[in-house]
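Undergrad:
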Amino acid sequence: MKSTLFKHRKILLIIFALIIFITSCTNNKNKTNLLEIENGTSCYSIGSEYMDGLDSVVEFPAVVRSSGNKPVETEYTGVELSKLLFSLDINTSGKNKITFNALDGYKVVMDLEEIYEPNNVYLVFKRDGEYLKTENQGGSGPLQIVIRHDPFSQRWCKHLSQIIID
Ligand SMILES: Nc1nc2c(c(=O)[nH]1)N[C@H]1C(S)=C(S)[C@@H](COP(=O)(O)O)O[C@H]1N2
Ligand SMILES: [Mo]
């Protein structure tokens, strides 16, 4: 009787360890390497937990115009892109172009100057307090660029995966 209990304990312990292992793996998948930033020869890889921890995270209102829907007033959470670059010590002097590449192949190219206009270009990860859903989940995330000076959202790069500065 005692030995069967011991056996069961061992099995339970193994199952418990497996559950912890599997959940930590899925967490890592969702959280790390969300975004790659290339600045000349330097490359940076960041996840949403990095942005969550920044002092410069803000909430701001925006009107979302998605095809087939009425414009919707929403609240985004994110960081001003220039502040994110600053916090990563990314120096863009001598560069003049910034390219946003998305997981679905969408691409947006902007003058680098635009991201240094105050309160204009933001990297967002939450909408109305909820993490942005992925394309498969019917969302615009997990990361998205929002350009507040653009009333229309053609350049609001959804499903952002890579930023290239050159
Ligand atoms: N990754 C990605 N971002 C994108 C697009 C896209 O197809 N893929 N479409 C753009 C356009 S044309 C608009 S109007 C807005 C809103 O797109 P939606 O109408 O598909 O919601 O997202 C912009 N960002
Ligand atoms: Mo569009």
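Residue numbers for the sequence shown follow our numbering, so the first one is 1156 and each next one is one higher. Ideal Cβ positions, reconstructed from N, Cα and C, are used throughout, including at glycine. Here the structure is a predicted model, which is why all the values come from computation and not from measurement.
#1: What do you reckon, is the C-beta of GLN1309 under 6 Å from a heavy atom of ligand 1?
#2: HIS1323: beta carbon under 6 Å from a heavy atom of ligand 1?
#3: Confirm, please, whether the CB-CB distance from THR1247 to LEU1267 is below 7 Å.
#4: Go ahead and pull the three-state DSSP assignment for ASN1183.
#5: When you measure from the CB of ALA1172 to every non-hydrogen atom of ligand 1, does any distance come out below 6 Å?
#6: Mapping the DSSP letters down to three states, classify GLU1290 as helix, strand or coil.
#7: Assuming ILE1302 contacts TRP1311 (C-beta within less than 8 Å), just tell me the rounded distance between them.
#8: Can you give me the start and stop residues for the alpha helix (DSSP H) that ASP1207 sits inside?
#9: Could you tell me the distance, in whole angstroms, from the CA atom of ASP1305 to the CA atom of GLN1317?
#10: Would you tell me roughly how many angstroms separate the C-alpha atoms of ALA1172 and THR1159, rounded to the nearest one?
#11: Whole angstroms is fine: what's the gap from LYS1162's alpha carbon to ILE1177's?
#12: Report, in whole angstroms, the separation of the C-beta atoms of SER1211 and GLU1235, which I expect to be a contact under 8 Å.
TA: To lay it out plainly:
#1: Residue mapping note: residue 1309 aligns to position 154 of the sequence shown, counting from 1. Within the cutoff, so yes.
#2: Shown here, the chain extends from 1156 to 1321; a query on residue 1323 therefore has no answer.
#3: On the sequence shown, position 112 is the one that residue 1267 refers to. On the sequence shown, position 92 is the one that residue 1247 refers to. For LEU1267 and THR1247, yes; Cβs fall inside 7 Å.
#4: Here the question's residue 1183 lines up with position 28 in the sequence shown. Caution applies to ASN1183, whose pLDDT of 49 falls short of 50 and renders its modelled position unreliable; the model cannot decide the point.
#5: On the sequence shown, residue 1172 is found 17 positions in, with the first residue counted as 1. No, since every heavy atom of ligand 1 falls outside the 6 Å radius drawn around the Cβ of ALA1172.
#6: Taking the first residue of the sequence shown as 1, we reach residue 1290 at position 135. Note: GLU1290 maps to coil in three-state DSSP.
#7: Taking the first residue of the sequence shown as 1, we reach residue 1302 at position 147. Taking the first residue of the sequence shown as 1, we reach residue 1311 at position 156. For a cut-off of 8 Å, the C-beta gap from ILE1302 to TRP1311 is around 6 Å, short enough to register as a contact.
#8: In the sequence shown, the residue the question calls residue 1207 occupies position 52. Start and end: 1203-1207.
#9: For this step, residue 1305 is matched to residue 150 along the sequence shown. For this step, residue 1317 is matched to residue 162 along the sequence shown. In this model, ASP1305 and GLN1317 are separated by some 21 Å (Cα to Cα).
#10: Within the sequence shown, numbered from 1, the residue matching residue 1172 stands at position 17. Within the sequence shown, numbered from 1, the residue matching residue 1159 stands at position 4. Distance between the alpha carbons of ALA1172 and THR1159: 20 Å.
#11: For the purposes of this step, residue 1162 is identified with residue 7 of the sequence shown, where counting begins at 1. For the purposes of this step, residue 1177 is identified with residue 22 of the sequence shown, where counting begins at 1. Distance between the alpha carbons of LYS1162 and ILE1177: 23 Å.
#12: Within the sequence shown, residue 1211 is the residue found at index 56, counting from 1. Within the sequence shown, residue 1235 is the residue found at index 80, counting from 1. Contact holds; Cβ gap of about 6 Å.
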